[in-house]
Amino acid sequence: MRATRGRAGRRGLLAAALSLCLATGAMAGSAQADRAEGPRTRAASAYEEQFLTQYEKIMDPDSGYFSEEGIPYHSVETLMVEAPDHGHESTSEGYSYLIWLQAMYGKVTEDWGPFNKAWETMETYMIPTSQDQPTNSFYNPSSPATYAPEKDEPSEYPARLDQNVGVGQDPIAQELRDAHGTDEIYGMHWLQDVDNVYGYGNAPGTCSAGPDQDGPSYINTFQRGPQESVWETVPHPTCDNFTYGGQNGYLDLFTGDDQYARQWKFTNAPDADARAVQAAYWADVWAAEQGKRSEVAGTVEKAAKMGDYLRYGTYDKYFKKIGGCTSESCTPGSGKDSSHHLLSWYYAWGGATDTSAGWAWRIGSSHTHAGYQNPMAAYALSSHEALKPKSPSGAGDWNESLGRQLEFYRWLQSDEGAIAGGATNSWKGRYAQPPADTPTFYGMYYDEKPVYHDPPSNQWFGFQAWSMERVAEYYHETGDADAKSVLDKWVTWALSETTVSADGFRFPSTLSWSGRPDTWNPDSPGGNAGLHVSVQDYTDDVGVAAAYAKTLAYYAAKSGHEEARTAAEGLLNGMSAHQDDLGIAVPEQRADYDRFDDPVHVPAGWSGTMPNGDTVDSGATFTSIRSFYQNDKDWPKVQEYLDGGEPPTFTYHRFWAQADIALAFATYGDLFGES
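One rule links them: number in this note's numbering = place in the sequence shown (from 1) + 94.
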């Protein structure tokens, strides 16, 4: 899987979870131009110049990376299906990369205005407003949500809510309220229809206002178990007042209940919020080096607040006790024994739209993936004074998470060095009994491909590069011996599978796995001699190359590993050969686009309509409920393929990839100078 294809998967069922709990400026456009012409207060190094060149391409209003509000699109191109199902959607991931990009811009130019503006844009458009989450005050931490089992196939949905299954207590709600003076959640929703292409009109502060609503619209897609790829989703609004869809809006596609209430709900991707915190750490450090810490202090304080709420991503979905949970009747958590201390795939929250008959719910996630861990963010939130959360236990919780994440990497490290999938506290998403010999990590069960299976969540090398980059940053900052041991083995494996030459570079793309790790014993860790990885194919994906180069650079700068430094430089030089007017990109063939006509499961007898009038019923396909795609300028390439032609080729400019390329240049220049 790569960030382009399988990330159908990657968010892929962010909401495998949420499915089960649904019931319980124009001014910014001119700011882009200002940023593109930002000050250069000192002579830039060669690598900083490459950063600035790439930065200026991204920020040029004519390049097409941003909406009028200053929101980063997932890609410049509109015909794009991966985790987002349209190129002009945005994700919390994209916002976090914008914040990181602007933090680096502040380091290079000493201008911190764009960093603060990036956070403000995110806060305005991607953190739900008070009007969007109006009934949080009704939330009962002693009864966080109503249970519903996750199912294996989309065809098994809706999943019925079950009041008889016990859930645990939420141990952090009250202290968050006391610390921050509000019942609202300060975290990003994960997906946004920036141009309101679907027409729900869920702009911040509005509920299903329709196609004529200006501005970005909150939406959701994944809801129905690990086999639901992006090609099988039904996009729907985060505020469902039954204006669109069927007689119960879209709710009864996902959950079964005796009656349905109009409601709002949001899903958070913890890796994105953690990346925003990580960027804020660097902004604080770099601004302090310039004597300008006060200029970023307000934004850094908000990042600490985000990190406080991010702890919801470290709890079991229904706050069940961690370890040995093999039936729906397993022990509900009390205190913090429902925390696995890892960054899980999501947390979510929602409630009624009717404030006179309010209710609200919150869930964590039982599923943890190695690719989502961020020890750098955990370190910042536990040890960096400016980022320690206000809550009494926030910093301590993140300190425990830091240690647990490092153990998690060691537990999942294959014999060769790559990091395997993850673990779950809820087998099959319904607290089922796993096979008797399944290895465990603090009582959680090894899951080769956590959360989603189409495509398998463990196969994309990008998760390796993203996650190890965070480990390498942490190692560079602290010299932690456990982090170094993981990196020593991982880098040796990755370099053995990488070719860098004058003609370009190739590194792993799709991974396959066999065997399993040893059950984790912190006092005597096993060697995982039975856990293996192999490389199915290779890539020159420039976005992943950027993350990989940063990993090697941070590791080499601390360890003195010359081969890693040379490879990082080679990757950067190789990327430079793929310059175009919009950034750095390579062509990619999209064989998966034969799935545009995939059927979408809708139960027999269910009928509804999308805002544009597209019919949603048992005959629905991906394209039939997205008829707008047939008006896209690139649609003829897809239609030709569907008619029996060759797979179409696209050169995509994904915002996250272009931002990470810029960051890679500046990082290498900072660590090694001119080289």
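Think of the CB as a built atom: it goes at the ideal place given N, C-alpha and C, for glycine as much as any other residue.
In this text, all values refer to a predicted model and were calculated from it rather than measured experimentally.
Helix, strand or coil for residue i per DSSP?
| i | result |
| --- | --- |
| K414 | strand |
| R684 | coil |
| D754 | helix |
| A577 | helix |
| K727 | coil |
| D711 | coil |
| E768 | coil |
| W584 | helix |
| D541 | strand |
| W376 | helix |
| S590 | helix |
| A397 | helix |
| R659 | helix |
| H330 | strand |
| N230 | helix |
| N493 | helix |
| F160 | strand |
| W554 | strand |
| P166 | strand |
| I678 | strand |
| Y632 | strand |
| Q148 | helix |
| R610 | coil |
| E247 | coil |
| L347 | helix |
Given a cut-off of 7 Å on the beta-carbon distance, is the pair residue i and residue j in contact?
| i | j | result |
| --- | --- | --- |
| Y568 | Y473 | yes |
| H180 | V291 | yes |
| P486 | E269 | yes |
| K201 | W380 | yes |
| A623 | D509 | yes |
| Y412 | V261 | yes |
| G458 | Y406 | yes |
| V636 | V680 | yes |
| V371 | A471 | yes |
| G293 | P705 | yes |
| T449 | M562 | no |
| Y746 | S169 | yes |
| T361 | W284 | yes |
| F749 | P155 | no |
| W455 | A197 | no |
| A374 | A397 | yes |
| S432 | S520 | no |
Leaving out the 5 sequence neighbours to the left and right, which residues in its chain are closer than 6 Å to residue i when beta-carbon positions are compared?
| i | result |
| --- | --- |
| D287 | E183, S311, I313 |
| A714 | V694, V696 |
| S113 | Only weak support is given to the placement of S113: the predicted model assigns it a pLDDT of 35, under 50, and the question is left unresolved by the model. |
| V594 | A661, G664 |
| A724 | Before going on, a small fix: residue 724 reads as Gln here, not Ala. The answer is none, since no qualifying residue turns up. |
| T215 | G164 |
| G343 | D334, F336 |
| T425 | K415 |
| P228 | T449 |
So, under 8 Å CB-CB, residue i and residue j are touching, yes? Tell me the CB distance rounded to an integer number of Å.
| i | j | result |
| --- | --- | --- |
| W439 | Y536 | Incorrect: roughly 18 Å between the Cβ atoms, too far for contact. |
| G309 | A297 | 4 Å |
| R684 | Y632 | So it is not a contact: roughly 18 Å between Cβ atoms. |
| A640 | A758 | 4 Å |
| S157 | L676 | 5 Å |
| L605 | Y762 | Not really, about 26 Å apart at Cβ, beyond 8 Å. |
| A760 | Y141 | 7 Å |
| A756 | L192 | Actually they do not touch by this definition, with Cβ atoms about 11 Å apart. |
| R498 | L436 | 6 Å |
| T518 | D541 | 5 Å |
For residue i, which residues from the same chain have a beta carbon less than 7 Å from its beta carbon, with the 5 sequence-adjacent residues on both sides left out?
| i | result |
| --- | --- |
| K731 | P742 |
| W587 | E510, G511, A512 |
| P616 | E501 |
| Y735 | Y687, D688, P741, P742 |
| N493 | S476 |
| D256 | Y241, A242 |
Please indicate yes or no: does the CB of residue i lie closer than 6 Å to some heavy atom of the ligand PLP?
| i | result |
| --- | --- |
| K411 | Absence of the ligand PLP is noted for the structure shown, with no ligands found whatsoever. |
Can you find the residues in the same chain that come closer than 8 Å, C-beta to C-beta, to residue i, ignoring five residues on each side of it along the sequence?
| i | result |
| --- | --- |
| D346 | P252, G340, Y354, W700 |
Worksheet item: Contact between the region 383-401 and the region 301-310: three or more CB pairs below 8 Å?
Response: no
Worksheet entry | Contact the region 458-468 vs the region 491-502: 3+ CB pairs below 8 Å | yes
Practice prompt. Kindly confirm or deny that the region 537-557 and the region 444-453 touch, where touching means at least three C-beta pairs closer than 8 Å.
Written response: At 8 Å Cβ cutoff, the stretches do not touch.
Worksheet item: Are three or more beta carbon pairs between the region 651-666 and the region 580-597 nearer than 8 Å?
Response: Under the 8 Å Cβ criterion, the region 651-666 counts as touching the region 580-597, having at least three qualifying pairs.
Worksheet item: Can you find at least 3 beta carbon pairs, one from the region 141-160 and one from the region 199-214, that sit closer than 8 Å?
Response: yes
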